[in-house]
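Novice: Okay, handing you the structure first.
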Amino acid sequence: MRLLAVFLLCCLAACAPFPQIDAMGPGTATPPPLLPIDELIAQAGASTPDPGPALAARAARLKASAAGLATPPAP
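Following this line, the structure appears as structure tokens:
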């Protein structure tokens with residue numbers, strides 16, 4: 005019952021006029037100019053190294069370790 009009341013109140017509030025917002029109208033200011041991103045990338049410096057080879061090597065070591073644990077112990 006409460007959920008229905010809250011829903012109805014929200015619907016009524018959504019239909020209400022807001023004169024303060026309507027009086028503002030669309031923005032008449034000009035948007036800032038877009039700058040090329042090449043200068044920003046150059047300022048950022050070197051990128052981080054690729055973690056792919058290190059992750060592949062670690063995955064291979066973990067798989068080898070798991071294979072060693074899966075073998076039955078020697079009698």
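Sequence positions in the sequence shown follow this note's numbering and run 5 to 79.
Heads up, the beta-carbon is just placed ideally off N, CA and C, and yes, glycines get one too.
Helix or strand or just coil, what does DSSP make of D54?
Specialist: coil
Novice: Output the distance between the C-alpha atoms of M5 and F11, rounded to the nearest integer angstrom.
Specialist: 10 angstroms
Novice: For T71, which of helix, strand or coil comes out of DSSP?
Specialist: In the sequence as presented, Thr is not what sits at residue 71; that position holds Ala. Here A71 sits in helix by DSSP.
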